[in-house]
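So the sequence shown is numbered by UniProt numbering: it starts at 1 and just counts up by one.
Here a beta-carbon is modelled for each residue, glycine too, at the ideal position from N, C-alpha and C.
Keep in mind the model is a prediction, meaning the values are calculated, not measured.
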Amino acid sequence: MDPPSNKGRLPLTNVSNNVNQRQCKSNVPPPHHDPLSEELLKYAPHGSEEAFFMYRKNQRKATYGEEDLFSLLSDEVLLHILKWLPKKTLLSCGQVNRRFNRVSKDETLWYRLDLSNRTLQFDGLVEVLSRGVIVLRLAQTSIVNPTPDSNYLEFPASIKVQYLDLSMCTVSVAVLGALLANCRALVKLSLENVPLDGRICAEIAENRKLEALNLTMCSGIDATGMRLMAKALTRLHSLNVSWTSLSVEAVQELVRNLTPQIVHLNLSGCRSTLTDESKNLTELKTLRFLDLFGLVSDQAIATLKNSLVDIGINKYYHSSVARPTVGTKRTSIWGLRTRD
């Protein structure tokens with residue numbers, strides 16, 4: 001038997017299994033003929049009527065359980081929910097959709113961050129800094145250099161970090177220089193046991209709001225770099241340059257140009273370079289603590305204590321001058337939490 005012919009069949013015929021609709025079919029007016037559809041069908045190949053479709057958005061109302069409840073929340077409410085999540089979960093939420101990705105990158109969610117004791121890719125560091133982090137701990141972190149050519153080391157134009165701990169961080173001079181070149185809002189900085197050079201010292205000097213600077217056991221600090229930092233950092237109240245192997249010229253530049261507002265100063269390890277000619281230290285009227293471990297004999301220390309009754313001489317065997325983490329607060333830097 002030959003199949004029924006498709007001639008005269010409308011392309012937009014409504015098909016339904018509802019019995020009531022079939023019974024009321026005679027009462028339904030004939031379908032409206034769209035002139036545009038008829039015109040298109042004239043040029044369609046023979047037998048392709050069933051291949052002609054007109055798509056439209058499904059207006060079916062979502063049943064219970066299928067509705068996106070997050071679409072009913074404002075971005076402010078969603079932000080208030082995301083702030084209770086740990087950083088790892090927050091990164092996963094950013095992959096849900098575009099809205100979650102945008103809200104999860106809000107600066108209020110990334111105020112503080114602890115990435116210490118990790119291996120961090122250069123691109124990862126750039127992404128972290130682009131989130132607007134203010135308190136960042138990178139102590140003992142290894143930052144991988146993406147390329148030996150420093151011309152490709154690009155950080156965000158304006159880095160908002162104010163408290164930066166890079167103590168014992170494994171980082172190349174090129175990466176560190178590129179990082180500090182975009183930091184102009186630093187308030188407290190620690191570069192303990194990190195190699196420096198003249199360019200890095202110049203970039204540190206550009207942070208005029210710097211109050212605490214820890215350069216313990218740093219290498220590469222020359223007289224020019226010391227002069228730039230001592231002259232520019234007029235708000236500095238805590239400075240630690242112990243065991244930095246400073247030259248005689250560097251020490252002279254320090255004591256000549258150091259701001260009179262200094263309160264805590266650590267010069268331990270400068271036995272061969274700090275001499276009686278460095279008398280400018282006596283003009284520091286605001287000085288309250290002075291660490292001189294390894295500089296003078298015990299008899300001289302006793303004499304200094306009797307002469308400088310208002311200054312604490314070698315008060316702390318494990319100096320805390322300008323150091324970010326002291327005591328039992330292992331996850332805080334300068335008294336600020338780095339973990340939520």
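Under the three-state DSSP convention, the category residue i falls into
i      : result
His80  : helix
Phe155 : coil
Ile311 : coil
Lys105 : coil
Cys218 : coil
Ile143 : strand
Lys188 : strand
Ser92  : helix
Ala232 : helix
Ser74  : coil
Ser172 : coil
Phe52  : Low local confidence applies: a pLDDT of 49 at Phe52 is under 50, so the model's placement there is unreliable, and no value is given.
Ile333 : strand
Asp197 : coil
Thr338 : coil
Beta-carbon separation (whole angstroms), residue i vs residue j, contact threshold 8 Å
i      : j      : result
Arg288 : Asn214 : The pair is not a contact, with the Cβ atoms about 18 Å apart (cut-off 8 Å).
Cys108 : Leu79  : As written in the sequence, residue 108 is Thr, which differs from the Cys given in the question. That belief holds up - the Cβ atoms of Thr108 and Leu79 are roughly 7 Å apart, short of 8 Å.
Ala232 : Leu254 : No, Ala232 and Leu254 are not in contact; Cβ-Cβ is about 13 Å, not under 8 Å.
Thr338 : Leu113 : 7 Å
Ser172 : Ala139 : Not a contact, Cβ separation roughly 17 Å.
Ser142 : Thr119 : 5 Å
Ser268 : Ser242 : 4 Å
Exposure of residue i, with buried meaning 16 or more beta-carbon neighbours within 10 Å
i      : result
Gly335 : exposed
Glu211 : buried
Ala178 : buried
Gln95  : exposed
Ile221 : buried
Trp84  : exposed
Thr331 : exposed
Lys88  : exposed
Asn101 : exposed
Gln299 : exposed
Val133 : buried
Thr216 : buried
Asn97  : exposed
Thr234 : exposed
Thr13  : With a pLDDT of only 49 at Thr13, under the threshold of 50, the placement of this residue in the model should not be trusted, and no figure is reported.
Ile333 : buried
Sequence-distant residues of the same chain with beta carbon closer than 8 Å to residue i, five excluded per side
i      : result
Ala185 : Ile159, Lys160, Val161, Gln162, Asn207, Lys209
Gly312 : Arg288, Phe289, Leu290
Pro156 : Val126, Leu129, Ser130, Asn182
Leu246 : Ile221, Met226, Leu254, Cys270, Thr273
Neighbourhood of residue i by C-beta, 7 Å cutoff - its chain only, sequence neighbours within 5 removed
i      : result
Leu180 : Ile200, Glu203, Ile204
Arg131 : Lys105, Glu107, Trp110
Neighbourhood of residue i by C-beta, 6 Å cutoff - its chain only, sequence neighbours within 5 removed
i      : result
Ser320 : Val326
Ser238 : Ala212, His264, Val321, Ala322
Met226 : Ala250, Glu253, Leu254
Leu189 : Leu164, Leu213
Thr170 : Ser142
Note to self: Check whether the stretch 157 to 169 and the stretch 195 to 202 are in contact - that is, three or more C-beta pairs closer than 8 Å.
What the structure shows: no
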